[in-house]
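Number of protein chains: 4
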Amino acid sequence: MKLAQVFRLSMAHPGDLSELDRLIVDGTVRAADIVAIIGKTEGNGGVNDFTRGYFTQTLMTLLSQHLNRPPAQLIREIPCVLSGGTEGVMSPHYSVFCSREAKPALRSARSALAIGTAFSEPVPAEEVGRRAHVESVANAVRKAIANAAIERLDDVHFVQVKCPCVTVARAAAAIAMDKQPLTSDPNKSMAFARAAGALGVALALGEIGPSDFTDASLLSDFFIQSPRASISSGVEVESNEVVVLGNSPNWAGSLHIAHRPMIDALDIGAVVDVLADLDIAAKPQVSAGDAARIRSVLVKCEPDRRGKIRGHRHTMLDDTDINAQRHIRGAVAGLVAGVIGDGRIFVSGGAEHQGPDGGGLIAVIAEQ
Amino acid sequence: MKLAQVFRLSMAHPGDLSELDRLIVDGTVRAADIVAIIGKTEGNGGVNDFTRGYFTQTLMTLLSQHLNRPPAQLIREIPCVLSGGTEGVMSPHYSVFCSREAKPALRSARSALAIGTAFSEPVPAEEVGRRAHVESVANAVRKAIANAAIERLDDVHFVQVKCPCVTVARAAAAIAMDKQPLTSDPNKSMAFARAAGALGVALALGEIGPSDFTDASLLSDFFIQSPRASISSGVEVESNEVVVLGNSPNWAGSLHIAHRPMIDALDIGAVVDVLADLDIAAKPQVSAGDAARIRSVLVKCEPDRRGKIRGHRHTMLDDTDINAQRHIRGAVAGLVAGVIGDGRIFVSGGAEHQGPDGGGLIAVIAEQ
Amino acid sequence: MKLAQVFRLSMAHPGDLSELDRLIVDGTVRAADIVAIIGKTEGNGGVNDFTRGYFTQTLMTLLSQHLNRPPAQLIREIPCVLSGGTEGVMSPHYSVFCSREAKPALRSARSALAIGTAFSEPVPAEEVGRRAHVESVANAVRKAIANAAIERLDDVHFVQVKCPCVTVARAAAAIAMDKQPLTSDPNKSMAFARAAGALGVALALGEIGPSDFTDASLLSDFFIQSPRASISSGVEVESNEVVVLGNSPNWAGSLHIAHRPMIDALDIGAVVDVLADLDIAAKPQVSAGDAARIRSVLVKCEPDRRGKIRGHRHTMLDDTDINAQRHIRGAVAGLVAGVIGDGRIFVSGGAEHQGPDGGGLIAVIAEQ
Amino acid sequence: MKLAQVFRLSMAHPGDLSELDRLIVDGTVRAADIVAIIGKTEGNGGVNDFTRGYFTQTLMTLLSQHLNRPPAQLIREIPCVLSGGTEGVMSPHYSVFCSREAKPALRSARSALAIGTAFSEPVPAEEVGRRAHVESVANAVRKAIANAAIERLDDVHFVQVKCPCVTVARAAAAIAMDKQPLTSDPNKSMAFARAAGALGVALALGEIGPSDFTDASLLSDFFIQSPRASISSGVEVESNEVVVLGNSPNWAGSLHIAHRPMIDALDIGAVVDVLADLDIAAKPQVSAGDAARIRSVLVKCEPDRRGKIRGHRHTMLDDTDINAQRHIRGAVAGLVAGVIGDGRIFVSGGAEHQGPDGGGLIAVIAEQ
């Protein structure tokens with residue numbers, strides 16, 4: 485029997501892990517229990533967003549001090565999935581996922597939040613965004629589900645994957661070795677990497693089969709999608725890092741997770757419905773009492789690539805000044821934070837193949 | 485007895501007035517009835533946003549052709565209030581406000597939407613953001629209320645003012661003539677101009693008296709505010725341009741306007757409440773049928789200058805890459821568009837003294 | 485015998501043509517002599533840069549008033565080639581190119597500046613960036629050379645082409661008609677359009693033959709290039725607009741043009757050399773007297789796509805906040821303006837296939 | 485007798501100190517000799533530029549490993565002055581300044597590069613940009629000059645100071661304690677901090693006296709300036725960190741430093757002159773051989789706040805999309821890198837009171 489804990493903490497800047505340090509020092513969090521981190525840092529969320537690397541370095545240094553193990557080892561064991569960009573009302577924060585052995589007394593009648601993690605082998609630049617990348621992700625997701633002791637694939641509600649991408653430098657290095665990356669445009673590469681991650685999740689969850697897609701499907705056939713896949717991509721990782729969240733009778737405690745696909749960026753219904761799945765009402769806003777039960781809000785979204793939302797032209801894709809992903813994160817976060825009454829939500833762009841085309845998904849963890 | 489009409493039209497780019505041209509040509513809109521335009525163009529909303537000037541030039545050329553009068557004259561008679569910036573899910577559009585004599589048969593039992601406009605004298609650079617500017621606005625608002633034949637100040641629901649601001653060039657010219665502008669930083673100047681506009685509205689509506697403020701109150705004492713003032717500022721105007729919207733028994737038709745202050749950027753309650761004032765339910769989203777009754781949605785908002793929303797740090801004010809007003813417009817538009825299910829909403833930043841500090845206001849015009 | 489004139493004028497904003505209006509009114513410029521405009525406006529230079537359309541609309545309205553002909557006709561006869569983005573020290577300005585019959589007395593012993601223009605048919609969205617586009621440009625360039633009465637291809641020094649590109653909306657329209665555009669990413673489309681323009685110039689100038697390239701060469705084989713091609717792309721044109729500048733014994737006057745390829749963004753030698761070609765010394769800066777002889781400075785440049793300049797990493801291509809073209813324009817303009825001592829220079833990004841890979845070209849018109 | 489060494493190293497990202505690590509490991513650099521770092525990281529150079537903090541954390545961790553002393557101690561002893569923003573052709577890099585005891589044999593006939601450092605006490609938020617801040621800087625500069633064993637103030641050529649600034653959070657904290665910061669706008673605060681730093685340097689160098697300025701002089705009386713002051717400001721420091729560079733007969737070796745004021749952003753003459761001071765010709769570009777003698781290029785620059793450069797309007801100050809400091813850094817770096825033929829130059833914006841108004845300064849260290 486295991487017990488999952490989730491701590492949602494704020495940061496003053498991307499190198500500020502003081503809240504976690506305090507909780508470890510006062511005994512609330514046991515450093516050895518930490519199995520994953522999912523957070524929003526205040527960078528631009530793009531190729532040159534170094535807030536993710538800065539946070540990760542600080543985190544691993546902190547854990548290294550508490551665990552007396554080298555950071556280089558920890559970084560290969562504890563997925564630290566960060567999405568840059570706290571546009572609009574979003575507040576920089578991170579959720580610390582802990583897992584420990586639970587006493588039998590804590591055994592609940594129903595399933596409880598289950599957490600599993602896994603790392604793939606490094607993905608070479610020339611494989612990024614191709615079938616080999618999809619399969620690498622799928623294998624890691626399967627390992628993470630096993631690690632979570634989730635028995636039924638239906639009980640998986642959220643699979644976070646952080647995929648490596650290609651920078652101009654990495655592409656040049658690969659080409660110098662006669663390998664041909666899909667693209668040497670880093671923004672394009674991040675998109676392909678996210679697509680590979682999403683298809684990898686869909687494959688692992690049995691939503692698609694191995695023959696349902698080819699290399700050409702990525703960023704092209706958007707009917708292929710997983711409403712439980714949340715993929716980030718960044719220059720700072722070399723392997724696929726996976727965190728699986730679901731409910732399982734093998735886990736104790738009062739936390740529960742639910743998810744819903746979002747059909748588009750205006751889908752307030754999905755937000756209200758996923759809260760209802762957790763017995764939380766939003767009329768129109770979640771009450772302060774219920775808001776305190778919420779431990780993590782995880783959202784993926786996408787600037788509709790067809791240039792319109794419900795028939796009306798949007799301008800996100802034609803904006804040379806602000807990246808389209810920054811636009812959509814800010815908009816969807818405005819909606820979700822308004823319903824919940826709290827800006828500490830994880831809203832990540834680049835939802836290619838993650839939920840319905842032009843939309844995305846929302847998952848919420850709350851105490852029951 | 486007069487009749488107000490509001491047409492909400494889309495544009496393909498800031499110089500595209502083809503939808504209005506079509507409506508004039510097919511007789512739906514009478515060019516001579518047009519009294520004001522309020523729109524969102526897809527610029528950056530800052531000092532160097534020329535989409536406003538481009539749209540205005542195109543509009544005035546079009547009306548000139550239909551009315552056979554010079555554009556230079558029309559621009560002094562028809563307020564064209566544009567807010568740049570269609571961040572996130574917002575869709576570039578403009579509302580055309582028309583007013584015509586109504587047949588007695590149309591007389592409704594209750595008040596109907598009333599529209600009034602006015603122009604002030606040009607505001608010299610050295611007066612921008614000072615008491616003289618406030619009074620200039622207040623006088624223009626009073627003229628516009630009279631023009632709208634609104635009898636009670638309580639029946640005024642929305643006062644849109646476009647105020648001139650100071651550019652680096654205008655400031656230099658003023659200084660060369662021994663005049664001292666408040667600032668020669670254009671972004672700062674736009675903020676002071678908006679503050680002057682808001683206090684001018686509050687003064688005209690009797691929400692404050694002449695002795696309730698000094699020059700030092702502007703951008704400083706945020707308890708002074710009007711929840712009915714919506715102020716834009718831009719380099720392209722030299723006078724204050726005013727549009728007053730309210731309900732009046734002297735007007736016929738089925739349109740009605742309501743407004744609510746927004747306490748902060750997460751105030752979904754205000755959105756739902758202003759819709760309820762117009763007998764429109766949002767559970768959680770307005771139905772397609774009700775959405776079709778909505779003619780205009782007008783919102784002002786503000787990145788909380790204290791750096792927090794409901795206790796959690798936001799990063800809008802510290803972002804060197806994206807202007808804070810762009811951030812907040814995108815977030816609040818995401819919320820409002822999500823409730824209404826339509827991105828054709830006017831969300832304007834820079835809500836200093838317009839509604840509660842850190843919040844703003846929302847006004848909606850709908851058919852009853 | 486013809487005579488070319490070039491007037492370099494400043495603007496206060498993209499809708500400000502007052503300097504040209506003044507010159508026409510005082511008789512310095514004859515409106516009927518104007519054959520082309522090349523200018524820098526202060527937009528972002530990207531897909532959503534509407535300063536180009538705004539300037540063009542204002543220009544055509546002005547010329548329409550002076551020539552008593554409809555703007556819609558003038559816009560099909562007078563190329564108005566604008567490059568958005570006056571990053572850094574660049575000053576918004578435009579060069580007005582005039583051509584008139586010259587009296588025999590003006591006949592000079594040597595060649596003088598010659599100007600020719602041409603327009604292609606509209607380019608359908610699905611042809612943008614493909615061979616048909618290249619050939620359409622080549623044909624228009626040939627027509628413009630004939631129009632300029634330039635006898636030897638070697639005497640052509642600068643060919644400016646403005647090519648249409650694909651927006652999200654245009655791509656969607658084409659796809660709806662079963663046509664397949666090369667891309668529906670507008671920034672990508674602008675790059676392909678520029679590539680097509682450059683190959684079209686190279687083809688017309690005999691620098692390459694029809695079998696020297698395929699569709700796959702565009703944005704791929706950068707050995708194919710023309711050091712005399714300057715290509716812009718924008719949403720506001722539907723045809724290729726061509727301006728050819730060279731020297732010809734059929735033209736009178738004291739103006740002369742020279743050009744040099746730039747090997748990279750640090751190639752100050754090319755700047756000094758092209759000035760020397762016109763007997764202008766830069767030790768290290770052009771003297772005020774010589775600077776007054778300069779009528780137009782035209783530069784194309786490019787953020788090196790290999791991510792390095794002379795062996796050192798640059799960060800332009802990995803920047804999510806500032807478009808790479810904005811970066812490079814600012815840098816190269818800083819260099820050229822420093823040598824010349826004047827910010828009124830036309831520096832345009834997107835130099836794919838225009839001059840050496842990673843570099844570009846510079847052309848200067850000066851009085852001899 | 486001391487010996488100064490300067491190593492200019494590249495980084496692949498802001499957390500990449502591998503080149504320094506390699507030099508320490510192979511014995512080229514002795515970790516204990518390192519007295520200061522001055523570098524350019526690839527952030528936005530604004531308030532939310534965390535690349536500086538990331539680099540600093542990585543550096544101090546590295547030095548801690550080699551010196552076996554805690555990072556928290558090293559950070560108070562070794563100034564790490566970083567300027568964010570490698571716009572255009574600039575290449576991310578850092579100069580490592582080392583100082584060691586020299587053998588008498590190395591004693592040169594002439595003066596050689598001298599390095600001195602100092603730290604002030606922390607500057608409270610309410611003192612930032614005020615006289616107390618100026619004096620705090622001046623005292624630290626005097627200490628650093630003494631530390632450098634520079635005997636004559638004329639032999640000081642470059643004083644780099646990194647000053648703390650006020651963030652929204654720091655301002656709120658100060659106000660809560662009844663202290664009144666000059667401003668709570670972080671960008672404004674950074675400007676005032678730089679002004680205080682410049683006046684502090686001028687005061688320490690005897691360029692101005694204590695009664696030559698008041699609080700009101702900062703960012704207002706631009707005749708007060710020091711052509712040897714280079715000030716950065718950032719959220720990541722709390723004290724003023726000072727590095728003084730000059731020439732001194734008490735130092736051995738073949739390195740030498742020179743400096744020149746730049747009158748404006750087009751002052752290529754200053755660049756050529758400072759190189760000539762070091763017997764390096766630029767005709768028009770420095771030869772590869774001479775370029776290899778250059779160890780560090782340090783530049784400060786400024787978008788002319790009057791909106792014009794040599795009579796022509798620039799648009800840097802009116803740009804809502806790109807911060808004016810990013811614009812000017814890119815432009816001036818383009819010029820200086822073009823003359824030197826190398827993008828590894830330190831060009832820092834925000835030159836208020838540092839060199840002539842609208843200009844700045846350049847300092848170069850080279851082997852003689």
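Protein chains in written order, with the working numbering: chain A, 485 to 852; chain B, 485 to 852; chain C, 485 to 852; chain D, 485 to 852.
Where is the CB? At the ideal position from N, CA and C, for every residue including glycine.
Buried versus exposed, by CB contacts within 10 Å (16 or more), residue i
i: A/GLY795; result: exposed
i: B/ARG636; result: exposed
i: D/VAL707; result: Reading off the sequence, residue 707 of chain D comes out as Phe, not Val. So D/PHE707 ends up on the exposed side.
i: D/MET495; result: buried
i: D/ASN532; result: buried
i: D/SER704; result: exposed
i: D/THR570; result: buried
i: A/PRO694; result: exposed
i: D/ARG594; result: exposed
i: C/LYS663; result: exposed
Coil, strand or helix - residue i by DSSP
i: C/PHE581; result: strand
i: D/GLU722; result: coil
i: C/THR601; result: strand
i: A/PRO648; result: strand
i: D/ARG779; result: strand
i: A/GLN809; result: helix
i: C/ASN853; result: Since the first residue of chain C shown is 485 and the last is 852, residue 853 of chain C is not available in this structure.
i: D/HIS798; result: coil
i: A/LEU835; result: Checking the sequence, you will find Ala at residue 835 of chain A rather than Leu. Here A/ALA835 sits in coil by DSSP.
i: D/SER704; result: coil
i: D/VAL490; result: strand
i: C/HIS641; result: strand
i: C/SER673; result: helix
Proximity test, Cβ basis, 8 Å: residue i and chain D
i: C/GLU571; result: yes
CB contact below 8 Å: residue i versus chain A
i: C/PRO670; result: yes
i: B/ILE806; result: yes
Residue i at chain B interface by Cβ criterion, 8 Å
i: C/PRO608; result: no
i: C/ALA496; result: yes
Query raised in the report: Closer than 8 Å, Cβ to any Cβ of chain D: which residues of the segment 750 to 766 of chain C, in chain order?
Result: LEU750, ASP751, ILE752, GLY753, VAL755, VAL756, ALA766
Query raised in the report: Looking at chain D, which residues of the segment 521 to 542 of chain A have a Cβ within less than 8 Å of any of its Cβ atoms?
Result: GLU526, GLY527, ASN532, PHE534, THR535, GLY537, TYR538, GLN541, THR542
Query raised in the report: For the segment 731 to 751 of chain B, which residues have a CB atom closer than 8 Å to at least one CB atom of chain A, in sequence order?
Result: ALA749, LEU750, ASP751
Report task. For the segment 812 to 846 of chain B, enumerate the residues whose C-beta is nearer than 8 Å to any C-beta of chain C, in chain order. Result -> none
**Report entry** Complete runs of the beta strand (DSSP E) confined to the segment 733 to 758 of chain D [at least 3 residues]
**Finding:** 739 to 746
Requested in this report: Taking a Cβ distance cut-off of 8 Å, strictly less, list which residues of the segment 783 to 801 of chain B are near chain A, in chain order.
Outcome: ILE793, ARG794, HIS796, ARG797, HIS798, THR799, MET800
Query raised in the report: Of the residues that make up the segment 650 to 665 of chain C, which ones have a beta carbon closer than 9 Å to any beta carbon in chain A?
Result: THR651, VAL652, ALA653, ALA655, ALA656
Query raised in the report: Going along the segment 576 to 602 of chain A in order, which residues come within less than 7 Å of chain B, judged by CB to CB distance?
Result: PRO576
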